[in-house]
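*Asks:*
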Amino acid sequence: MAYDRRTVKMCVCHRKKFDLILELARQQECETVEDIQEKDIACKGCGMCHPYVQKMLVTGETRFIPGDVYINSKH
Ligand code: FES
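The letter at position 26 of the sequence shown is residue 63 when you use my numbering, and the numbering goes up by one with no holes.
#1: I'd like to check one pair, V70 with V95: are the Cβ atoms closer than 8 Å?
#2: Per DSSP, F55 is paired with what?
#3: Taking the beta carbon of V49 as the centre, do at least 16 other beta carbons fall within 10 Å, making it buried, or is it exposed?
#4: Using a threshold of 7 Å, is the CB atom of G97 nearer than that to any non-hydrogen atom of ligand 1?
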């Protein structure tokens, strides 16, 4: 997978990188985006990061190609 400056790697609204969000989510036992919101970690702004954060929680990945989360999506 090739990454460049367009790589999706943070919740822009909270100015927090996914690496930190994942670390805090694991420390606070968050399993969903809603859990992360309730703990005031991130994801309470525009919502654009939500599909990436959800995938991060499942896979542990913290860097994504823009739109990658929608490939093979059932939506
Ligand atoms: S980018 Fe995460 S809520 Fe806006």
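C-beta: ideal position from N, C-alpha, C; glycine also.
*Replies:* On the basis of the data shown:
#1: With respect to the 8 Å criterion, V95 and V70 are not classified as neighbours on the basis of their beta carbons.
#2: Beta-bridge partners of F55 (DSSP): none assigned.
#3: Its Cβ having fewer than 16 others within 10 Å, V49 is exposed.
#4: Checking every heavy atom of ligand 1 against the Cβ of G97, none is found closer than 7 Å.
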